[in-house]
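Single-structure report; data block below.
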Amino acid sequence: MTITAFSEPEERIALRQAVAKLAGSYGREYIEKKSREGGKTTELWQDMGKNGYLGVSIPEEFGGGGGGIADLAAVLEEAAAAGAPLLLMVVSPAICGTVIARFGTDEQKKRWLPGIADGSFTMAFGITEPDAGSNSHKITTTATRDGDEWVLNGAKTFISGVDEADAVLIVSRTADAKTGKLKPCLFVVPTDAKGFEAQPIPMGFVAPEKQFTLFIDKVRLPADALVGTEDAGIMQLFAGLNPERIMGAAFSNGIARYALDKAVDYVKTRDVWGQPIGAHQGIAHPLAKIKIELEQSRLLQQKAAALYDAGDDFGAGEFANMAKYAAAEVACNATDVAVHSHGGNGMTQEYGLATMLLAARIGRIAPVSREMILNFVAMHSLGLPKSY
Ligand SMILES: Cc1cc2nc3c(=O)[nH]c(=O)nc-3n(C[C@H](O)[C@H](O)[C@H](O)COP(=O)(O)OP(=O)(O)OC[C@H]3O[C@@H](n4cnc5c(N)ncnc54)[C@H](O)[C@@H]3O)c2cc1C
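Position one of the sequence shown corresponds to residue 13 (our numbering), numbered consecutively onward.
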């Protein structure tokens, strides 16, 4: 293997530079202002869509750039590194766009993918349920057939961006006709469907994206709201969850980069002992450690994405989980060290870092918690007995 195997293709490097420039022109101030005013990042989202960045991994024939998840993850990482971690990229283009592109009918692809690619149609994703939580085998949202239609009943919680979404890809279950056992299935539910209600959850962090509890009460859907097939639901779901984890890693790695850059800039100029505080090892070493952890974490993100884009869903599963874990850890560590390196300024609005502490913390919980990843790695990578 030559050393060039560790570099990204020139097109992706150019893509990163272009996204960094666009997202940087909005910057952290824009996100903080929108968050505090209860506003949305619509202008930035539409700009990202118009320039083709949201749709980089969607097939060209449906309005996308024809690239892979590695490209989409590069877009999110750069936006986050510029201070704009666009959470809905994890769901709309990554999960929903991928699942529809891989398993949807031609008609479904034509209907939804161009809008997801150019940012004019946003799709949220709902799997988490109040009484199931991390144990998604316990979800009870159920779809039953009624003539030509499906009828959905159930509830979801912590679903991001429903107020900005045109539809939600809902993980539901249908009863197997032969065994009566419930199996997962994916349905596109318009947010204005009768019987669909979204209640905002007052969250403890400030971000433009809100979270919602969904009440799904006898929502009637046409037959073609089902994406893919009833029988291969679990495989289709996992095909969407790997990109979700890789994008979770990109979200966190971008936040870590933003925090590290800010801290390094600050400690180069802040002077309280006759030299910049970055000259003290007590300040420099934690930052150097973050740099090493960050580069490790970015390599895992790139490996997971490369495996996924090569069609190795199984291998990608293992590395997507590890990448998400490593990235969440480095984002939490980096934001903490960055705040600390700024002293009191780290806690002010002006420096835009304090709110990032909580944004980084999301990565340890969602889309899959740190413990569930450790459970997965212990069982699948190490061959230990299932512990949950
Ligand atoms: C900001 C945010 C946005 C989100 N967006 C979405 C979204 O768009 N769509 C969506 O479907 N969901 C979303 N979620 C939900 C998220 O995926 C869940 O919160 C997450 O999967 C954990 O589920 P839970 O909150 O029910 O925790 P629980 O399952 O109740 O777990 C609580 C704690 O116990 C630990 N734990 C649970 N089981 C085990 C075990 N067997 N072994 C060891 N430890 C265990 C967990 O790791 C966690 O630390 C979002 C969450 C947040 C915070």
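Just so it is clear, CB atoms sit at the ideal spot from N, CA and C, and this is done for glycine as well.
The model shown is predicted, which means the values in this text are computed figures rather than measured ones.
Residue i, DSSP secondary structure in three states
i: N165; result: strand
i: L99; result: coil
i: P202; result: strand
i: I70; result: coil
i: M135; result: strand
i: K193; result: coil
i: D130; result: helix
i: E41; result: helix
i: F331; result: helix
i: I213; result: coil
i: D158; result: strand
i: T152; result: coil
i: P21; result: coil
i: T14; result: Because T14 carries a pLDDT of 47, less than 50, the predicted location of this residue cannot be relied on, and no value is offered for it.
i: L181; result: strand
i: A322; result: coil
i: K280; result: helix
i: A82; result: helix
i: K222; result: coil
i: A187; result: strand
i: V239; result: strand
i: S399; result: coil
Distance CB(residue i)-CB(residue j) smaller than 7 angstroms
i: F388; j: N333; result: yes
i: E209; j: V102; result: no
i: P202; j: K52; result: no
i: M384; j: S146; result: yes
i: F217; j: L88; result: no
i: G166; j: C197; result: no
i: V111; j: Y65; result: no
i: Y363; j: H352; result: no
i: S172; j: L99; result: yes
i: G131; j: Q58; result: yes
i: L312; j: A335; result: yes
i: T7; j: E119; result: The requested residue 7 is not part of the displayed model; the chain covers only 13 to 400.
i: A106; j: M247; result: no
i: G375; j: A350; result: no
i: W162; j: L249; result: no
i: K222; j: D273; result: no
i: G329; j: N254; result: yes
i: L365; j: G358; result: yes
i: T347; j: A372; result: yes
i: A261; j: A339; result: yes
i: A237; j: D160; result: no
i: K301; j: L226; result: no
Other residues of its chain near residue i: CB distance less than 7 angstroms, five sequence neighbours each side excluded
i: M13; result: Confidence at M13 is low in this model, with a pLDDT of 44, below 50, so the placement of that residue should be treated as unreliable; the coordinate-derived value is given next. So the list is empty, once near-sequence residues are dropped.
i: I43; result: T53, G95, A96, P220
i: S148; result: I139
i: K121; result: F74, I112, A113
i: K280; result: P288, G290
i: K230; result: V163, N165, G207
i: Y400; result: N387
Nonlocal neighbours in the same chain, by C-beta distance under 6 angstroms from residue i, ignoring five residues either side
i: R28; result: A86, E90
i: G116; result: V239
i: F133; result: G127, D178
i: R114; result: A251
i: I182; result: G138, F199, V201
i: A129; result: G67, I70, G75, G76
i: I151; result: E141, A144
i: W124; result: I112
i: A205; result: V231
i: P212; result: K222, F224
i: S104; result: I128, T134, M135
Beta carbon proximity, residue i to chain E, threshold 7 angstroms
i: R382; result: The question asks about chain E, but that chain is absent: this structure has only one protein chain.
Neighbourhood of residue i by C-beta, 8 angstroms cutoff - its chain only, sequence neighbours within 5 removed
i: D283; result: I289
i: S47; result: V218, A219, P220, T367
i: G449; result: The requested residue 449 is not part of the displayed model; the chain covers only 13 to 400.
i: G39; result: A94, G95, A96
i: L194; result: T154, R185, T186, A187, D188
i: A390; result: L396, S399
i: E72; result: G78
Contact between the segment 272 to 290 and the segment 392 to 400: three or more CB pairs below 8 angstroms? no
Is the number of C-beta pairs between the segment 265 to 274 and the segment 293 to 310 that are closer than 8 angstroms three or more? yes
Check whether the segment 310 to 326 and the segment 75 to 83 touch, using three or more Cβ-Cβ pairs below 8 angstroms as the test. Between the segment 310 to 326 and the segment 75 to 83, the count of C-beta pairs closer than 8 angstroms reaches three or more; the two stretches touch.
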